[in-house]
Amino acid sequence: MSLRLTLAAAAATLAFAAPAVAQDAAQAAPAQSPAVTAAPAMSPEETAFEAKGMAFEAETQQMGVELQAVMEDAALDAAAKKAGANAILDRYEPKFEAFAVELETFMRALADRPERAAQKDQILAAATAGPAQVRAVPAQIRASIDQALAAPATPPAAN
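If you want our numbering, it's the position in the sequence shown, counting the first as 1, plus 827.
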């Protein structure tokens, strides 16, 4: 998998794992009647967490831009690219951890709400899986960078 695909996959994972978690939990509730199809309005806590998720997504997109710039810099050799990418990931990794903690805390609080009793098991499973996915992203990116740097360079396509 190319670095670009990995970065895109990481961004997609975060884009859907973070802000959508609250909405998914809200939509998991069974409809009161067949005529009601709209999702329930988000609570202030859900709205606030969605904003946190969007801010985190923006940070990860910036990280992707920085990583892409390092990896595409023709002046850098493989060792310099790896060192530059690792420095970027080292700087962003605490943000992944902090967001994972916030996500887990939010989901566990959501699971404890009486109106979410029917979905409690699903929400608790998401409270474990979602943060684990967020925490895994930096390692996945590092592995993809190692793989990209180890791959032989492909010559430009002839027209």
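Glycine residues also receive a C-beta, built at the ideal position from the N, C-alpha and C atoms.
None of these values were measured; they are calculated from a predicted model.
Can you list, in chain order, the residues of its chain whose CB lies under 8 angstroms from that of residue i, leaving out five sequence neighbours each side?
{"i": "A862", "result": "At A862 the pLDDT is 49, less than 50, meaning the model places this residue with poor confidence; the figure from the coordinates comes in the next sentence. Here the set comprises nothing."}
{"i": "E886", "result": "Y919, K922"}
{"i": "R962", "result": "F923, E924, A927"}
For residue i and residue j, what's the separation of their Cα atoms in angstroms?
{"i": "M898", "j": "A868", "result": "43 angstroms"}
{"i": "P979", "j": "A970", "result": "16 angstroms"}
{"i": "E872", "j": "F926", "result": "15 angstroms"}
{"i": "A945", "j": "F883", "result": "29 angstroms"}
{"i": "M974", "j": "A907", "result": "Checking the displayed sequence, the identity of residue 974 turns out to be Gln instead of Met. Whole-angstrom Cα-Cα distance: 15 angstroms."}
{"i": "D900", "j": "A875", "result": "38 angstroms"}
{"i": "P941", "j": "S870", "result": "14 angstroms"}
{"i": "E877", "j": "A896", "result": "29 angstroms"}
Within its chain, find whatever has a CB closer than 7 angstroms to the CB of residue i; leave out the 5 residues flanking it on each side and keep chain order.
{"i": "M934", "result": "V848, I950, A953, A954, G957"}
{"i": "K909", "result": "I972, L976"}
{"i": "E920", "result": "P965"}
{"i": "M890", "result": "I915, Y919"}
Rounded to the nearest angstrom, how far is the Cβ of residue i from that of residue j, given a contact under 8 angstroms?
{"i": "V964", "j": "F923", "result": "6 angstroms"}
{"i": "A902", "j": "L976", "result": "Rounded, the Cβ-Cβ distance is 15 angstroms, inconsistent with contact."}
{"i": "K947", "j": "A936", "result": "Going by Cβ atoms, the distance from K947 to A936 rounds to 12 angstroms, so no, they are not a contact pair."}
Which residues in the same chain as residue i place their Cβ atom closer than 6 angstroms to its Cβ, once the five residues preceding and following it in sequence are excluded?
{"i": "A959", "result": "none"}
Does the pairing of the region 950 to 959 with the region 927 to 942 give three or more beta-carbon distances under 8 angstroms? yes
Just to confirm the assignment: which complete beta strand (DSSP E) runs, minimum length 3, are found wholly within the region 921 to 956? none
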